[in-house]
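Enquirer:
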Amino acid sequence: MKITIQQIPVEENEIILKYSKLDSEMLQILAFLKESTAKIAAKKGEEIFLLTPDEVYFVDYVDNKTFIYTKDDVLESSESLARLESRYENFGIVRIGKSQLVNLHHVKKLKSILYSRIEITLESGDILIVSRHYAQAFKNYLDIK
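Under this note's numbering, think of the first position of the sequence shown as 501, with each following residue one higher.
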């Protein structure tokens, strides 16, 4: 595949894909581009905020509600945990427990703890635990042996 990047003075960025066949590689690129512009709607009080995946530090599912934690805030989302996981896995948002997701891009420190679990410290100072059930998959995401 040939990749050409060109800076030109335009008002809006534009991506043009040229292909001879719409194969799995091109479909993957298209999916990534569509998702990269996607926003996550989350509510705080009466206001609705549109978050980028990078703004999400972690997600909790408590009492049948999904809470999104950012650097400074906690917002509620109508999205299910499974949907957030499937939509944003390519952006580093991965499952660490039955009711929790974390954004790998905000992980500052890891520590192995009892019962094959992993303690995560985020850039925000929050501490999360990767359950033993999800520990191996989590290590695979980070390419840790």
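Here a beta-carbon is modelled for each residue, glycine too, at the ideal position from N, C-alpha and C.
1. Just the C-alpha distance for F591 and L642, rounded to the nearest angstrom, thanks.
2. On the premise that S624 lies in contact with G597, defined as a C-beta separation below 8 angstroms, what is that separation, rounded to the nearest angstrom?
3. Give a yes or no on whether the C-beta atoms belonging to V594 and A637 are separated by under 9 angstroms.
4. Nearest-angstrom Cα distance between K518 and Y588?
5. I need the DSSP call for E555, collapsed to helix, strand or coil.
6. Out of V607, L622, I629, K608, which has the shortest C-alpha to C-alpha gap to L614?
7. Residue range of the alpha helix (DSSP H) that N640 falls in?
8. Considering only residues of the same chain and omitting the five flanking positions on each side of S577, which have a CB-CB separation below 6 angstroms?
9. Please return the same chain residues whose Cβ sits closer than 8 angstroms to the Cβ of D626, not counting the five positions on each side in sequence.
10. Can you grab the Cα-Cα spacing for the pair F549 / L530, in whole Å?
11. Could you spell out where the beta strand (DSSP E) holding L610 opens and where it closes?
12. Give the secondary structure of A582 by DSSP, where H, G and I count as helix, E and B as strand, and everything else as coil.
13. How would you label H606, buried or exposed, when you count the other beta carbons within 10 angstroms and need 16 or more for buried?
14. Given a threshold of 16 other Cβ atoms within 10 Å of its Cβ, counted over all protein chains shown, does V562 qualify as buried or as exposed?
15. Drop a sphere of 10 angstroms on the beta-carbon of N564, count the other beta-carbons inside from all chains shown, and report buried for 16 or more, exposed for fewer.
Expert: Working from what's here:
1. For the purposes of this step, residue 591 is taken as residue 91 along the sequence shown, with counting starting at 1. For the purposes of this step, residue 642 is taken as residue 142 along the sequence shown, with counting starting at 1. If you take the alpha carbons of F591 and L642, they lie about 13 angstroms apart.
2. Translated into the one-based positions of the sequence shown, residue 597 becomes position 97. Translated into the one-based positions of the sequence shown, residue 624 becomes position 124. In fact, because the Cβ distance is near 18 angstroms, the residues do not count as touching under 8 angstroms.
3. Against the sequence shown, residue 594 aligns to sequence position 94. Against the sequence shown, residue 637 aligns to sequence position 137. Yes; because the gap between Cβ atoms is below 9 angstroms, this pair is in contact.
4. By 1-based counting over the sequence shown, the position of residue 518 is 18. By 1-based counting over the sequence shown, the position of residue 588 is 88. Each residue's Cα considered, the two are about 26 angstroms apart.
5. Translated into the one-based positions of the sequence shown, residue 555 becomes position 55. In the structure shown, E555 sits in a helix (DSSP, three-state: H, G or I).
6. On the sequence shown, position 114 is the one that residue 614 refers to. The option with the nearest alpha carbon to L614 is I629.
7. As a working mapping, residue 640 is identified with position 140 in the sequence shown. N640 -> alpha helix (DSSP H) spans 632-642.
8. Taking the sequence shown and counting its residues from 1, one reaches residue 577 at position 77. Cβ neighbours of S577 beyond the five flanking positions: A542, T566, I568.
9. Locating residue 626 in the sequence shown gives position 126, counting from the first residue. For D626, where only same-chain residues beyond five positions count, the Cβ hits under 8 angstroms are Y557, F558, Y569.
10. Position 49 of the sequence shown holds residue 549. Position 30 of the sequence shown holds residue 530. Taking the straight line from one Cα to the other gives about 25 angstroms.
11. Along the sequence shown, one-based indexing puts residue 610 at 110. Element bounds for L610: 607-613.
12. To locate residue 582, count along the sequence shown from 1; it is residue 82. Here A582 sits in helix by DSSP.
13. Working through the sequence shown from its first residue, we reach residue 606 at position 106. H606 comes out buried.
14. Within the sequence shown, residue 562 is the residue found at index 62, counting from 1. V562 comes out exposed.
15. Translated into the one-based positions of the sequence shown, residue 564 becomes position 64. Answer is exposed; the Cβ neighbour count stays below 16.
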